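*Asks:* Residue numbers (mature numbering (1 follows the signal peptide of the UniProt record, and there is no 0)): -23 to -1, 1 to 280.
Here it is, the structure, as structure tokens.
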């Protein structure tokens, strides 16, 4: 199962927040209220990763908005779930971009599509967002632009002022090893943009997440904001409910491990020694929910 479509559950590895006397307690690690994260914005209502989807998520009560980050050819960070554009934009309907479609591999997966890394920001701004999930309404297809990361930052700050509550951002670096191979590294740009927004401390409303490891370790030296190591597995064994981890599978291990010949998987990373290692560079983990709530098959009695 593709880890890119999975929900996020964040567990804090270190640190605690003191609650004021008389404050309501919740069944969380520090008894404080859980954060509500607008994953890709209000993506069940509007095309994902658009300013309108993020704004709607905030209106619905989200504490953080979650942009996935990829790079354009000219090195601008934009909000897209993947570097491939065919499923979330109208690029296939724009005749002048027809020749940009090509075959390429990202993290071992083959695509025949259009890639953000082949487009300048000006060209990206000519495109419009489309609904990715077939079962959702296409009503707002082609209505909204593809936002830059800077526009997402600006929106969070503006909405914080308007609503009187702090709206945070929860960016994910998408395919950082692949971006390095395209000579479009994400890390320095991301850290510099956060610093320019005066967000460089653990107390700031920013949490950066990634399924890979090396880029989080690099970011640890570039910024003081909170970092989260994402985790995953291939699927659940329906007989036992346990996670399945396959060799050289991008759902089972960080791609920088696989591409570098490191045989460890996310199973190793959730073991005590692995968690201790994560705690050296990250502030929390974001496991796939089935890593701690397994799914089993059950026999149904005939009526």
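Cβ atoms here follow ideal geometry from the backbone N, Cα and C, with glycine treated the same way.
Predicted model only: the values in this text are computed from it and were never measured.
1) Can the beta-carbon of residue 235 be found less than 8 Å from the beta-carbon of residue 140?
2) Whose C-beta lies closer than 7 Å to the C-beta of residue 13 among residues of the same chain, with five residues either side of it excluded?
3) Across which residues does DSSP place residue 108 in a beta bridge pair?
4) Residues in the same chain with beta-carbon distance under 6 Å from residue 242, minus the five sequence neighbours each way, listed in chain order, please.
5) By the 10 Å Cβ neighbour count, where 16 or more other Cβ atoms means buried, how is residue 272 classified, buried or exposed?
6) Bridge partners for residue 213 per DSSP, in chain order?
7) With a CB to CB cut of under 6 Å and the five nearest residues on each side skipped, what residues in its chain are close to residue 225?
8) Using only CA atoms, which one of 173, 137 and 268 lies nearest to residue 218?
9) Using three-state DSSP, classify residue 77 as helix, strand or coil.
10) Is the beta carbon of residue 146 sitting closer than 8 Å to the one on residue 44?
11) How about residue 200 and residue 244: do their beta carbons lie closer than 8 Å?
12) Whose CA, out of 121, 87 and 47, lies closest to the CA of residue 60?
13) Quick one: residues in its chain with C-beta nearer than 7 Å to the C-beta of residue 287, no 5 flanking neighbours on either side, listed in chain order?
14) Give me the Cα-Cα distance between residue 213 and residue 276, rounded to the nearest whole angstrom.
15) State the DSSP-derived secondary structure class of residue 243, mapped to helix, strand or coil.
16) With contact counted as at least three CB pairs below 8 Å, one residue from each stretch, are the stretch 95 to 114 and the stretch 67 to 74 in contact?
17) How about residue 215 and residue 204: do their beta carbons lie closer than 8 Å?
18) Span of the beta strand (DSSP E) holding residue 56?
19) Do you know whose CA, among 174, 166, 150 and 53, lies nearest residue 98's CA?
20) Where does residue -4 land, buried or exposed, given buried means 16+ other C-beta within 10 angstroms?
21) Using a 10 Å radius around the Cβ and a threshold of 16 neighbouring Cβ atoms, would you call residue 237 buried or exposed?
22) Here's the rule I'm using: 16 or more other beta-carbon atoms within 10 Å means buried, otherwise exposed. How should residue 87 be labelled?
23) Return the chain-ordered list of same chain residues with a C-beta closer than 8 Å to the C-beta of residue -8, the five sequence neighbours on each side being excluded.
24) Just list the residues that DSSP pairs residue 185 with in beta bridges.
25) With a floor of 4 residues, list each alpha helix (DSSP H) that falls wholly inside the stretch 6 to 65, ordered by position along the chain.
26) In angstroms with no decimal places, state the Cα-to-Cα distance between residue 144 and residue 133.
27) DSSP beta-bridge partners for residue 150?
28) For residue 172, I'd like the list of residues in its chain whose CB is within less than 8 Å of its CB, leaving aside the five on either flank, ordered along the chain.
*Replies:* The short version:
1) On the chain shown, residue 235 is found 258 positions in, with the first residue counted as 1. On the chain shown, residue 140 is found 163 positions in, with the first residue counted as 1. Contact flag unset, no.
2) On the chain shown, residue 13 is found 36 positions in, with the first residue counted as 1. Result list for residue 13: 38, 39 and 40, in chain order.
3) Sequence index remark: in the chain shown, residue 108 carries index 131 (1-based). BP columns for residue 108 are empty, so no partner.
4) Indexing the chain shown from 1 puts residue 242 at position 265. Closer than 6 Å at Cβ, skipping near neighbours: 222, 229 and 230.
5) Position 295 of the chain shown, counted from the start, is the residue given in the question as residue 272. With fewer than 16 other Cβ atoms within 10 Å, it is exposed.
6) In the chain shown, residue 213 corresponds to position 236, counting from 1. Residue 213 is bridged to 220.
7) Here residue 225 corresponds to residue number 248 of the chain shown, with the count starting at 1. Closer than 6 Å at Cβ, skipping near neighbours: 235.
8) As a first step, residue 218 must be located in the chain shown, where it is residue number 241. Considering only alpha carbons, the answer is 268.
9) Indexing the chain shown from 1 puts residue 77 at position 100. Residue state, collapsed to three classes: helix.
10) Sequence index remark: in the chain shown, residue 146 carries index 169 (1-based). Sequence index remark: in the chain shown, residue 44 carries index 67 (1-based). Result yes, Cβ atoms of residue 146 and residue 44 sit closer than 8 Å.
11) Locating residue 200 in the chain shown gives position 223, where the first residue counts as 1. Locating residue 244 in the chain shown gives position 267, where the first residue counts as 1. Cβ atoms of residue 200 and residue 244: not closer than 8 Å.
12) Along the chain shown, one-based indexing puts residue 60 at 83. The shortest C-alpha separation from residue 60 is found at 47.
13) It is not possible to answer for residue 287, since the shown part of the chain is limited to -23 through 280.
14) Here residue 213 is taken as the residue at index 236 of the chain shown, counted from 1. Here residue 276 is taken as the residue at index 299 of the chain shown, counted from 1. Rounded to the nearest angstrom, the two C-alpha atoms are 17 Å apart.
15) As a first step, residue 243 is located in the chain shown; it is residue number 266 there, counting from the start. Looking at residue 243 - three-state DSSP - the assignment turns out to be helix.
16) yes
17) By 1-based counting over the chain shown, the position of residue 215 is 238. By 1-based counting over the chain shown, the position of residue 204 is 227. No; because the gap between Cβ atoms is not below 8 Å, this pair is not in contact.
18) The count along the chain shown starts at 1 and reaches residue 56 at position 79. Residues 54 to 56.
19) Along the chain shown, read from residue 1 onward, the residue named residue 98 stands at position 121. Ranking 174, 166, 150 and 53 by Cα distance to residue 98 puts 53 first.
20) For this step, residue -4 is matched to residue 20 along the chain shown. Confidence in residue -4 is poor, its pLDDT being 49 and thus under 50, which makes the residue's placement unreliable; the coordinate value appears in the next sentence. Residue -4 comes out exposed.
21) For the purposes of this step, residue 237 is identified with residue 260 of the chain shown, where counting begins at 1. Label assigned to residue 237: exposed.
22) In the chain shown, the residue the question calls residue 87 occupies position 110. Counting of Cβ neighbours within 10 angstroms places residue 87 among the exposed residues, the total staying below 16.
23) Start at 1 with the first residue of the chain shown, and residue -8 comes out as number 16. Only weak support exists for where residue -8 lies, its pLDDT of 39 falling under 50; the value from the coordinates is given anyway. For residue -8, where only same-chain residues beyond five positions count, the Cβ hits under 8 Å are 6 and 7.
24) Here residue 185 refers to the residue found at position 208 when the chain shown is read from its first residue. Per DSSP, 204.
25) Runs found: 28 to 36.
26) The sequence position of residue 144 within the chain shown is 167, counting from 1. The sequence position of residue 133 within the chain shown is 156, counting from 1. Rounded to whole angstroms, residue 144 to residue 133 spans 5 Å at the Cα level.
27) For the purposes of this step, residue 150 is taken as residue 173 along the chain shown, with counting starting at 1. Paired residues: 46.
28) Against the chain shown, residue 172 aligns to sequence position 195. Excluding sequence neighbours, residue 172 sits near 200.
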